[in-house]
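Participant: Start counting the sequence shown at 196; every next residue gets the next number (this note's numbering). Every residue gets a Cβ at the ideal spot worked out from N, C-alpha and C, and that includes glycine. Below you'll find the structure I mean.
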Amino acid sequence: MAQGDPGVTTRSTRAAPRSRKGGGTKKATPAQTDLVQLLTPEGERIDAVTGPDGTEYRVDFTDDEYRGLYRDLVLVRKLDAEATALQRQGELGLWASLLGQEAAQVGSGRALRTQDMAFPTYREHGVLYCRGIDPIMPLGLFRGVDQGGWDPNEFKFNMYTIVIGAQTLHATGYAMGVTMDGKTGSDDGEAVIAYFGDGATSQGDVNEAFVWSSVFNAPLVFFCQNNQYAISEPLERQTRVPLYQRAAGFGFPGVRVDGNDVLATYAVTRHALDNARLGQGPSLIEAYTYRMGAHTTSDDPTRYRIASEVEAWQAKDPIARMKAFLDRQQLADESFFAEVDEQARTEAVHLRERVLAMPDPEPVTMFDHVYPHGSPELDAQRAQFTKYLESFEGSAH
Ligand SMILES: Cc1ncc(C[n+]2csc(CCOP(=O)(O)OP(=O)(O)O)c2C)c(N)n1
Ligand SMILES: [Mg+2]
Numbered sequence: 196m197a198q199g200d201p202g203v204t205t206r207s208t209r210a211a212p213r214s215r216k217g218g219g220t221k222k223a224t225p226a227q228t229d230l231v232q233l234l235t236p237e238g239e240r241i242d243a244v245t246g247p248d249g250t251e252y253r254v255d256f257t258d259d260e261y262r263g264l265y266r267d268l269v270l271v272r273k274l275d276a277e278a279t280a281l282q283r284q285g286e287l288g289l290w291a292s293l294l295g296q297e298a299a300q301v302g303s304g305r306a307l308r309t310q311d312m313a314f315p316t317y318r319e320h321g322v323l324y325c326r327g328i329d330p331i332m333p334l335g336l337f338r339g340v341d342q343g344g345w346d347p348n349e350f351k352f353n354m355y356t357i358v359i360g361a362q363t364l365h366a367t368g369y370a371m372g373v374t375m376d377g378k379t380g381s382d383d384g385e386a387v388i389a390y391f392g393d394g395a396t397s398q399g400d401v402n403e404a405f406v407w408s409s410v411f412n413a414p415l416v417f418f419c420q421n422n423q424y425a426i427s428e429p430l431e432r433q434t435r436v437p438l439y440q441r442a443a444g445f446g447f448p449g450v451r452v453d454g455n456d457v458l459a460t461y462a463v464t465r466h467a468l469d470n471a472r473l474g475q476g477p478s479l480i481e482a483y484t485y486r487m488g489a490h491t492t493s494d495d496p497t498r499y500r501i502a503s504e505v506e507a508w509q510a511k512d513p514i515a516r517m518k519a520f521l522d523r524q525q526l527a528d529e530s531f532f533a534e535v536d537e538q539a540r541t542e543a544v545h546l547r548e549r550v551l552a553m554p555d556p557e558p559v560t561m562f563d564h565v566y567p568h569g570s571p572e573l574d575a576q577r578a579q580f581t582k583y584l585e586s587f588e589g590s591a592h
């Protein structure tokens, strides 16, 4: 799906829901809910839903846009699986899989407008894809042959951040800058989104970011993917209240969305971003989801969670429900699904070939991009390291 502005409406009124075409659409649920959902795990459409603060969420995509979202979900899952396989074959040092979190990432990633800036963690490969960045970029990072490679300003997608929660402070500062530059207050204003996990909510940095963004009314959406674990630590070790309710204590709205529902995630994120760009300050989205795989390829989740829990979440799979919806509404047929699978397979093969062809960098190049104009200290370190490498007899380096 092209990045842009698919006709989605999020309304603050309690307007009567419009009827939607086709069968299989549940009548609107005007009742307020703690979990915003527009697509059930069985693929049934809910026409509109009212969040805890009275905001009504609905989406109004074209048939092509619905199919585009499905394609995005399948592609990012396939590319992610290819990266995991490459790590297992020794071609990457590590990989942090997004398996299970595709809808949270594609829904929020597609909700961004071109001018919006995103600050990711290390798992947002799906958002990176939506921003139009070559999906090989994070593989270079995890292969250890470069330090990222994309231009954050060009793509409005900052570098991956491994330090848990640190990017929420970077995003807060950036968002305060957006306000100071006078770029909020209109429909084409700028908004910022910061991604982080459930575990990150226990970090001081994240709580400081909440305070600063609140008191400075920063145009920032805090997007927490609650995938139920921080490595091996379950959610109950981070909080005794639903995470989205934390926002109230900092003075801004919080909402919990079904993070396995790409439509609801889109609607909620678009609404929060638009509020931010209009100058209405920050908000927190808790995307309720599940990390279906290991924390990273270095982790063995069978040591700390039971198979039945994983099976229960399998029934809520984000791609299966979108496929069921397209099928139920007769928006796609078998040839479409086969064509998407074939595209995903081809792109994965292409990704693999390009990863294997990545040149190993000369070790000294690690000093190249530390500062834009270098520094005397760095020059001294480079010279010392060069001498060290030369001390190995017969070394080509
Ligand atoms: C400041 C800091 N402390 C600890 C770590 C080690 N660490 C890496 S990932 C992780 C868990 C993060 O969990 P969560 O925020 O839920 O994100 P998820 O990995 O589940 O997406 C920890 C503790 C780190 N990278 N940075
Ligand atoms: Mg987590």
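1) State the beta-bridge partners of Glu-239 as determined by DSSP.
2) What are the start and end residues of each continuous alpha helix (DSSP H) run of 4 or more residues lying completely inside the segment 308-358, in chain order?
3) What is the DSSP secondary structure of Ala-519, reduced to helix, strand or coil?
4) Roughly how many angstroms lie between the CA atoms of Val-401 and Ser-530, to the nearest whole one?
5) Leaving out five residues on either side along the sequence, give the residues of the same chain with a beta carbon under 8 Å from the beta carbon of Gly-394.
6) My guess is that Gly-302 and Arg-326 are in contact by the Cβ rule of under 8 Å, so how many angstroms apart are they, rounded?
7) Using the three-state DSSP reduction, which class does Leu-415 fall into: helix, strand or coil?
8) Within 10 angstroms of the Cβ of His-568, are there 16 or more other Cβ atoms? Answer buried if so, exposed if not.
9) Taking 7 Å as the line, does the beta carbon of Thr-316 fall inside it for any heavy atom of ligand 1?
10) Per DSSP, Asn-391 is paired with what?
11) Report buried or exposed for Ala-533, applying the criterion of at least 16 other Cβ atoms within 10 angstroms of its Cβ.
12) Could you give the first and the last residue of the continuous alpha helix (DSSP H) run that contains Asp-453?
13) What's the call for His-466, buried or exposed, on a 16-neighbour Cβ count within 10 Å?
14) What residue range is occupied by the uninterrupted alpha helix (DSSP H) comprising Glu-534?
15) Between Thr-250 and Leu-281, what straight-line distance do the alpha-carbon atoms span, to the nearest angstrom?
16) Could you check whether Val-452 and Tyr-483 sit closer than 8 Å to each other, using their CB atoms as the reference points?
17) Quick check: does the Cβ of Arg-486 come within less than 7 Å of any heavy atom belonging to ligand 4?
18) Spell out the partners DSSP gives Ser-478 in its beta bridges.
19) When the Cα atoms are used, what is the spatial distance from Tyr-583 to Met-553?
20) Name the two residues that bound the continuous alpha helix (DSSP H) containing Leu-293.
21) Mapping DSSP to helix, strand and coil, what is Thr-228?
22) Does the distance between the C-beta of Asp-424 and the nearest non-hydrogen atom of ligand 2 fall short of 7 Å?
23) Is the beta carbon of Asp-522 within less than 7 Å of some heavy atom of ligand 2?
24) For Tyr-461, collect the residues of the same chain with a Cβ closer than 7 Å to its Cβ; drop the 5 residues on either side in sequence, then sort them by chain order.
25) With the cut-off set at 8 Å, would you say Leu-364 and Glu-319 are in Cβ contact?
26) Would Leu-289 be called buried (16 or more neighbouring beta carbons within 10 Å of its own) or exposed?
27) Examine ligand 1 and report whether any of its heavy atoms sits within less than 7 Å of the Cβ of His-490.
28) Tell me whether Ala-395 counts as near ligand 1, meaning its Cβ is closer than 7 Å to at least one heavy atom of that ligand.
29) So does Ile-359 have its beta carbon nearer than 7 Å to some heavy atom of ligand 1?
30) So is the beta-carbon of Phe-411 under 7 Å away from any non-hydrogen atom of ligand 1?
31) Here's the rule I'm using: 16 or more other beta-carbon atoms within 10 Å means buried, otherwise exposed. How should Gly-217 be labelled?
32) In the DSSP assignment, what are the bridge partners of Ala-425?
33) Please classify His-564: is it buried, with 16 or more other beta-carbons within 10 angstroms of its beta-carbon, or exposed?
34) Can you name the start and end residues of the alpha helix (DSSP H) that Thr-279 belongs to?
35) Under the rule that 16 or more other beta-carbon atoms within 10 Å means buried, what is Val-406, buried or exposed?
36) Consult DSSP for Tyr-369 and reduce its assignment to one of helix, strand or coil.
Facilitator: Result, derived from the coordinates:
1) Under DSSP, no beta-bridge partner is assigned to Glu-239.
2) Note on the segment 308-358: whole alpha helix (DSSP H) runs with a minimum of 4 residues are 320-325, 332-338, 347-350, in chain order.
3) Shown here, Ala-519 sits in a helix according to DSSP, grouped into three states.
4) 46 Å
5) Ile-359, Tyr-424, Ala-425, Ile-426, Glu-428, Gln-433
6) In fact, because the Cβ distance is near 14 Å, the residues do not count as touching under 8 Å.
7) strand
8) Answer is exposed; the Cβ neighbour count stays below 16.
9) yes
10) Rather than Asn, the amino acid found at residue 391 in this sequence is Phe. In DSSP, Phe-391 forms a bridge with Cys-419.
11) exposed
12) Taken as a continuous stretch (DSSP letters only), Asp-453 belongs to no alpha helix (DSSP H), being part of the beta strand (DSSP E) at 449-453.
13) buried
14) 529-551
15) 44 Å
16) yes
17) As far as ligands go, the structure on display features ligand 1 and ligand 2 and does not contain ligand 4.
18) Val-416
19) 25 Å
20) Bounds of any alpha helix (DSSP H) do not take in Leu-293, whose DSSP letter is neither H nor E.
21) Three-state DSSP puts Thr-228 in coil, outside helix and strand.
22) In the sequence on display, residue 424 carries Tyr and not Asp. Yes, since a heavy atom of ligand 2 falls inside the 7 Å radius drawn around the Cβ of Tyr-424.
23) no
24) Val-203, Val-254, Gly-302, Arg-305, Ala-306
25) no
26) exposed
27) yes
28) Yes, Cβ of Ala-395 sits closer than 7 Å to a heavy atom of ligand 1.
29) yes
30) no
31) Legend: pLDDT at Gly-217 = 38, less than 50; position of this residue unreliable, value from coordinates given subsequently. Classification for Gly-217: exposed.
32) Glu-428
33) exposed
34) 258-283
35) exposed
36) helix
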